[in-house]
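For reference, the structure discussed in these notes is given below.
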Amino acid sequence: MKRNIWASTGSAGLDELASRSPLLDAKVMMVDDEPLMTDLIRTHLEEEGYVNFVVSNEPSEALELLRREDPGVLLLDLMMPKVSGFELLEAIRADRALRYVPVIVLTASTGADSKLRALQLGASDFLSKPVDASELVLRVRNTLAFRQYHERLINFDPVTDLPNQRMFDRGLADMLEVRDAVGGVLTLLNVNVPEWRQLRESMGQELADRLAIAIARRLERFAGSEGPSALAASVERAPRVARLASDRFGVLLERPTNAEAVEAAVKRLLALVSEPVALGPHEVAPTAWVGISVSPADGRTAEDLHKCADLAGTRAREQGTAPFKFASPELNAKSYERMTLGLQLRGAAQRGELRLQYQPKLDLASNRIIGAEALVRWQHPDLGLLPPGRFIPLAEDLGLIGGIGQWVIERACHAAAGWARDGLGELKIAVNVARPQFLGGDVCAVLSRALFDSGLPARQMVLELTESMLMDDVQDALALMNELKALGVTLSIDDFGTGYSSLSYLKRLPLDELKIDRSFVTDLPGRHADAAIVRAVIDLGHSLGMSVTAEGVETSQQLECLRQLGCDQYQGFLSSKPLSAKQLNQFVLRELAPAAS
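Start counting the sequence shown at 0; every next residue gets the next number (numbering that gives the first Met the number 0).
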């Protein structure tokens with residue numbers, strides 16, 4: 000079934016919409032048992048240019064005709080034999096496909112009861128018989144204009160003028176229906192542009208909207224250049240490009256019939272999207288991640304194709320090996336596992352399934368333990384002990400990281416306070432802070448409560464942050480870090496050297512420690528380039544008044560090299576694997592025993 004909704008009218012108010020010729024192309028339907036009346040109405044409307052007129056003089060057949068014709072407005076007589084206008088109006092409003100069709104009721108009755116009942120059943124407007132021609136034209140025009148304006152609001156993105164997902168999916172469903180009948184291949188591209196969100200957060204909504212408009216016009220050019228297929232003649236006005244979300248666009252391809260052709264088309268799309276965009280004094284070179292699903296292989300419904308394309312795009316972003324990925328059965332299996340894990344992760348802390356392990360941190364000069372890093376694990380009832388890499392990214396995606404992060408901070412504070420009470424000294428406890436937890440702004444309140452409840456001095460708490468987290472929005476990060484420093488805690492930058500820190504910003508941040516990523520330690524002392532990088536990081540940290548800690552130390556040769564390079568602390572399997580709280584007690588007591596003797 001063709002739909003008239005796909006025609007775009009541009010953004011306009013009711014007055015502008017009402018004056019445009021597309022309204023004259025709208026389909027007007029009339030149901031009246033008197034042919035003379037329908038002929039008269041047709042004459043009045045045709046004189047004003049409304050030539051797309053559908054008539055039913057058989058009320059009992061009108062409902063089926065309505066479903067088939069899908070008119071822009073219905074003129075309905077109330078007083079008809081066999082099936083009254085009231086009964087027909089009630090059936091229309093109960094029909095899922097017809098319930099929003101505007102209905103102008105025609106009636107010779109002047110009684111308030113009839114009008115009230117029609118309004119209760121969903122009538123949009125009234126015309127009294129005998130019908131005045133001028134009033135008829137005005138009411139039809141205004142009703143069509145309002146419907147067109149309303150449909151624009153609910154079917155188009157107001158920023159880019161592209162169809163939204165609602166409208167796109169209706170067209171996609173029609174295309175799939177035709178594809179099932181005539182054969183062929185449909186390809187859905189889910190195009191994610193991460194710069195939109197970054198631009199909005201750093202420079203504001205206006206510039207982000209301008210970027211979205213530029214991307215929209217490029218995708219329209221791309222879709223136009225690909226050309227239509229045999230399917231296009233059947234659903235000629237179904238949209239090929241839509242804005243599915245703030246930073247996501249949908250593109251429908253009909254012509255490519257094999258994976259190689261689709262891949263070539265996607266590469267053309269990526270090249271077009273990546274051209275620099277001038278935004279006032281700024282220039283942005285957008286990137287994109289594209290998830291690709293193909294019907295019928297990946298699904299026969301719009302929902303299935305969207306799901307597969309979304310998952311493929313996520314895989315492309317996570318793997319980072321290529322800017323686009325095709326959907327696959329393996330990906331669907333992984334998605335199911337991810338969904339199941341996500342459901343099980345909710346409430347894991349309340350069920351007592353989360354665990355903390357502690358990686359000892361040692362002073363390199365004395366080889367004495369000075370603290371530990373708290374590492375969260377999930378004791379899954381079926382899968383065993385899961386490392387953080389298995390569930391922390393999932394927790395971030397599902398919005399669960401705040402609760403888990405709070406649990407870690409509270410448990411770590413109580414553990415460190417307990418060590419002091421057990422005579423182990425003032426060991427520092429380090430906790431990793433996730434990006435959403437830090438940028439969400441409540442980490443200060445969570446930490447303050449945890450320190451107060453546990454009695455742990457703030458000087459014994461170390462918060463580990465990442466470079467990318469701090470560089471996303473330096474001003475906000477600086478403000479949050481100053482709040483944390485005011486509490487008296489130590490701030491550390493984790494995995495230093497793997498991100499993209501600017502030294503001009505780094506010197507402004509109130510950091511106390513740099514942690515050298517394990518990837519630079521692995522090949523020490525043999526690899527000269529890594530030794531040079533580690534030396535530079537140590538010198539940089541010391542010049543900025545920070546201590547430097549090396550992660551992932553596993554051999555005595557690595558340790559000796561770090562000692563010669565001037566590193567301050569280290570942690571890794573050479574000293575100990577991650578330990579439970581009880582095991583850490585025993586580890587520290589063994590360290591203290593020689594000193595006590």
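We treat Cβ as the ideally placed atom computed from N, Cα and C, and that holds for glycine. Remember, it's a predicted structure, so these values are computed and weren't measured experimentally.
Out of 126, 456, 138, the CA that lies nearest to the CA of residue 22 is found in 138. Per DSSP, residue 124 is one residue of the beta strand (DSSP E) stretching across 124-127. Under the criterion of beta carbons closer than 8 angstroms, residue 306 and residue 369 do not qualify as touching, at roughly 50 angstroms. Residue 359 has 371 as its beta-bridge partners, per DSSP.
Put simply, of 529, 189, 211 the residue whose alpha carbon is nearest the alpha carbon of residue 276 is 211. By the Cβ criterion, the segment 165-180 is in contact with the segment 300-317, since at least three pairs of Cβ atoms, one from each stretch, lie closer than 8 angstroms. The segment 186-203 and the segment 304-323 touch, with three or more beta-carbon pairs separated by less than 8 angstroms.
In this model, residue 364 and residue 411 are separated by some 26 angstroms (Cα to Cα). Inter-residue distance for residue 294 and residue 175 is about 8 angstroms (C-alpha atoms, whole angstroms). Between residue 241 and residue 291 a beta carbon distance of about 16 angstroms is seen, past the 8 angstroms cut, so the two are scored as non-contacting. Nearest to residue 529 by C-alpha distance, out of 510, 557, 507, is 557. Looking at the DSSP output, residue 242 bridges to 163, 248.
Where residue 84 is concerned, there is no enclosing beta strand (DSSP E), although the alpha helix (DSSP H) around it starts and stops at 84-93.
Taking C-beta separations shorter than 7 angstroms and ignoring five residues to either side along the sequence, the partners of residue 506 in its chain run 543, following chain order. The continuous beta strand (DSSP E) containing residue 546 extends over residues 546-549.
Beta-carbon to beta-carbon, residue 269 and residue 261 are separated by about 13 angstroms, too far to satisfy the 8 angstroms threshold. Counting other Cβ atoms within 10 Å of its Cβ, residue 391 reaches 16 or more and is therefore classed as buried. Of the residues assessed, residue 366 falls on the exposed side of the cut-off, its CB having fewer than 16 other CB atoms within 10 angstroms.
Taken in chain order, the complete alpha helix (DSSP H) segments of 4 residues or longer contained in the segment 375-422 are 387-396, 400-420. Where residue 200 is concerned, the enclosing alpha helix (DSSP H) starts and stops at 194-202.
In this model, residue 361 and residue 570 are separated by some 6 angstroms (Cα to Cα). Minimum Cα-Cα distance from residue 355 among the listed residues 289, 339, 403, 395 corresponds to 403. Checking the DSSP bridge columns, you'll see residue 569 partnered with 361, 549. When DSSP states are grouped into helix, strand and coil, residue 431 belongs to the strand group. When DSSP states are grouped into helix, strand and coil, residue 106 belongs to the strand group. If you draw a straight line from the Cα of residue 538 to the Cα of residue 510, it comes to about 15 angstroms.
Pairing residue 161 with residue 215 gives a Cβ-Cβ distance under 7 angstroms.
Sequence-distant Cβ neighbours of residue 447 in its own chain, meaning closer than 7 angstroms and more than five residues away, are 486.
For residue 523, the secondary structure class from DSSP, reduced to helix, strand or coil, is coil. Here DSSP, grouped into helix, strand and coil, assigns residue 268 to helix. A straight line joining the alpha-carbon of residue 90 with that of residue 308 spans about 39 angstroms.
In the DSSP assignment, residue 74 forms a beta bridge with 29, 103. Nearest C-alpha to residue 398 among 435, 417, 407: 435.
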